[in-house]
Amino acid sequence: MFKDQYIYPAVIAKANDQFTITFLDFPDTQVKAKTIEDGLHKQKKRWHMFSLTMKKERRTRLRLQSYLRLKKRTRINLLRSLIHGCLLFARKWNIKP
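Right under this line is the structure:
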């Protein structure tokens, strides 16, 4: 079984004795280093941190969505209870809605 392999284009620029490595798909992960090897090593660390950040944001977003969904259901249940209570009250006192 083979692992999925992805290819990401990178821009490697040299200026003032430093290499700047930028992946076009991930602009927030730009790295500066004295050698290309050092830059690629730093880039691996940066990608790891970037992926952890994305996972954390996704988990936080999912928790927030679950909370909002729960809150919505609670409001709907509360509304149903109020309507049900009003209908019972109306029946008890022979009030037609």
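When we follow my numbering, the leftmost residue of the sequence shown carries the number -4, and every step to the right adds one. Using N, Cα and C, we set each Cβ at its ideal position, and we do this for glycine too.
**Report entry** Extent of the continuous beta strand (DSSP E) run through isoleucine 16
**Finding:** Here residue 16 is taken as the residue at index 21 of the sequence shown, counted from 1. Start and end: 13 to 18.
| task | Rank Ile31, Leu35, Leu47 and Met44 by C-alpha distance to the C-alpha of glutamine 13 and give the top, closest one. | result | Position 18 of the sequence shown, counting from 1, holds the residue named residue 13. Checking every option, the nearest Cα to that of glutamine 13 belongs to Ile31.
- Through-space distance from isoleucine 16 to alanine 10, alpha-carbon basis: For the purposes of this step, residue 10 is taken as the residue at position 15 of the sequence shown. For the purposes of this step, residue 16 is taken as the residue at position 21 of the sequence shown. Whole-angstrom Cα-Cα distance: 11 Å.
Alpha-carbon to alpha-carbon, lysine 29 and aspartate 23 | Indexing the sequence shown from 1 puts residue 23 at position 28. Indexing the sequence shown from 1 puts residue 29 at position 34. Near 20 Å, if we compare the C-alpha coordinates of lysine 29 and aspartate 23.
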